[in-house]
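Residue numbers (our numbering): 474 to 704. Have a look at the structure below before the remarks.
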């Protein structure tokens, strides 16, 4: 049985490549993330195939953001696919609408706080209020959880602080920006190793390129699993 604390990001161009990667990983991985980059390449069909025919868990990373009625309708449509996790932006009105759309299903709504590819300079450029980035993440996380989110997406560097929030009791923390020791950072700026992220309170870690770009993806996945199994 695979350790579902590891979620492998299928950040490949289309569903055929995603299915090929999943076949290479085999029983080592039981949880996959499918994002916007594959949406026009058969991402929903792949999600359905991996879930229904291969028994995998699926995290659909759509980061939805719109007026409440539109978010609710979109989430209601996605919930029919029996997926496990769905991301929305952490604004309270978006989270509340998403929870309405997911009502009656087991799909968990995860709120994005601040993308792990951003730093303070990026927030300044986007006219986001001044302040320490970690403090802003904590505030957004608390408000999203108050609005009904089942969990949050946050960088490993904020996982421990979020786990300490009263609002986070019984909620999920999912951390992208996880890089095994020695792996290239790519476009991520706020990172940690898999073991550190789990030790700091993450329930699930998301790893993409260090696994799917590896010469032997299954061996790379097993190395990550070995590290988190020691925590």
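The beta carbon of each residue, even a glycine, is placed where N, CA and C say it ideally should be.
Are there 16 or more other CB atoms within 10 angstroms of the CB of residue i, so buried, or fewer, so exposed?
i: residue 512; result: exposed
i: residue 663; result: Caution applies to residue 663, whose pLDDT of 49 falls short of 50 and renders its modelled position unreliable; the model cannot decide the point.
i: residue 561; result: buried
i: residue 660; result: Reliability of the predicted coordinates at residue 660 is poor, the pLDDT of 49 falling under 50, and the value obtained from them is presented with this limitation in mind. The residue in question, residue 660, is exposed, as its Cβ has fewer than 16 Cβ neighbours within 10 Å.
i: residue 628; result: buried
i: residue 637; result: exposed
i: residue 600; result: exposed
i: residue 494; result: buried
i: residue 690; result: buried
i: residue 594; result: exposed
i: residue 563; result: buried
Assuming contact is defined by CB atoms lying nearer than 8 Å, are residue i and residue j in contact in what I supplied?
i: residue 679; j: residue 648; result: yes
i: residue 554; j: residue 583; result: no
i: residue 488; j: residue 515; result: yes
i: residue 674; j: residue 646; result: yes
i: residue 644; j: residue 624; result: yes
i: residue 764; j: residue 544; result: Summary: the structure shown does not reach residue 764, with the chain confined to residues 474 through 704, and so no result is reported for it.
i: residue 508; j: residue 484; result: yes
i: residue 476; j: residue 701; result: yes
i: residue 501; j: residue 694; result: yes
With H, G and I counted as helix, E and B as strand and the rest as coil, what does DSSP make of residue i?
i: residue 638; result: coil
i: residue 560; result: strand
i: residue 572; result: helix
i: residue 615; result: helix
i: residue 452; result: Not covered by the structure: residue 452. The range shown for the chain is 474 to 704.
i: residue 582; result: strand
i: residue 516; result: helix
i: residue 566; result: helix
i: residue 601; result: coil
i: residue 688; result: coil
Between the Cα of residue i and those of the options, spot the shortest distance and give me the residue it belongs to.
i: residue 532; options: 675, 479 and 596; result: 479
i: residue 681; options: 703, 629, 616 and 505; result: 505
i: residue 498; options: 486, 481, 485 and 509; result: 481
i: residue 492; options: 517, 596, 650 and 698; result: 517
i: residue 585; options: 631, 475, 605 and 579; result: 631
i: residue 565; options: 688, 676, 486 and 614; result: 614
i: residue 616; options: 688, 703, 594 and 568; result: 568
i: residue 685; options: 541, 486, 635 and 634; result: 486
i: residue 626; options: 530, 534, 525 and 510; result: 534
i: residue 581; options: 530, 525, 666 and 692; result: 530
Pull up the DSSP beta-bridge partners for residue i, would you.
i: residue 506; result: 482 and 532
i: residue 538; result: In DSSP, residue 538 forms no bridge with anything.
i: residue 651; result: 665
i: residue 643; result: The partner list for residue 643 (beta bridge, DSSP) is empty, contrary to what the question assumes.
i: residue 626; result: 585 and 647
i: residue 678; result: 479 and 648
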